[in-house]
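Count along the sequence shown from 1, then add 8; that gives the number in the numbering used here.
Just so it is clear, CB atoms sit at the ideal spot from N, CA and C, and this is done for glycine as well.
First the structure, in the form of structure tokens, and then the observations on it.
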Amino acid sequence: MTIASYNDLKTSVSDFIHRSDNSTAVVDQIMLGEKRIQRELRTADMETAYTGTIASGVIAVPTDFLEWRAVYINDSVAYRLEPKT
Numbered sequence: 009m010t011i012a013s014y015n016d017l018k019t020s021v022s023d024f025i026h027r028s029d030n031s032t033a034v035v036d037q038i039m040l041g042e043k044r045i046q047r048e049l050r051t052a053d054m055e056t057a058y059t060g061t062i063a064s065g066v067i068a069v070p071t072d073f074l075e076w077r078a079v080y081i082n083d084s085v086a087y088r089l090e091p092k093t
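What follows is the structure, given as structure tokens:
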């Protein structure tokens, strides 16, 4: 089945969970799926460069920060920080 619109998706999910009587359950299932995907998926569109200043050994990050891909210290020569485990 081709899913070309949100209504197609609702129909497909409704068929999958065998519930045609309650569109709220279908919308809830779609929302839960979206939230799971958003927690786990990382795409290039989500990446951004950020420049901050270290104060007392701490750097403030944006409120929508998820995780870093790379961190560089820019002194006289820029070098990449490697995470320690």
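Legend entry - Classification of V34 by the beta-carbon crowding that lies within 10 angstroms, buried from 16 upward: So V34 counts as buried.
Inset, instruction - Identify, in the order they occur along the chain, each residue of the same chain with its Cβ nearer than 8 Å to the Cβ of G60, setting aside the five sequence neighbours on each side. - result: Correct list, in chain order: I67, A68 and V69.
Inset, instruction - Would you mind stating whether I144 and K18 have Cβ atoms separated by less than 8 Å? - result: Any property of residue 144 remains undetermined from this structure, which presents the chain solely from 9 to 93.
Inset, instruction - From the DSSP output, in three-state form, read off Y87 for me. - result: The answer is strand: DSSP assigns Y87 an E or B state.
Inset, instruction - Please list, in chain order, all residues of the same chain as I81 whose beta carbon is under 7 Å from its beta carbon, the five residues on each side excluded. - result: Correct list, in chain order: Y87 and L89.
Inset, instruction - Using only alpha-carbon positions, find the residue among R50, R77, F24 and G65 that is nearest to Y58. - result: It is R77.
Legend entry - Assigned secondary structure, V35 (DSSP; H/G/I helix, E/B strand, else coil): Residue state, collapsed to three classes: helix.
Legend entry - Alpha carbon of P91 to alpha carbon of A63, nearest angstrom: Each residue's alpha carbon lies about 19 Å from the other.
Inset, instruction - Taking only the alpha-carbon atoms, compute the straight-line gap between V79 and M54 and give it to the nearest angstrom. - result: In a straight line, the C-alpha of V79 is about 16 Å away from that of M54.
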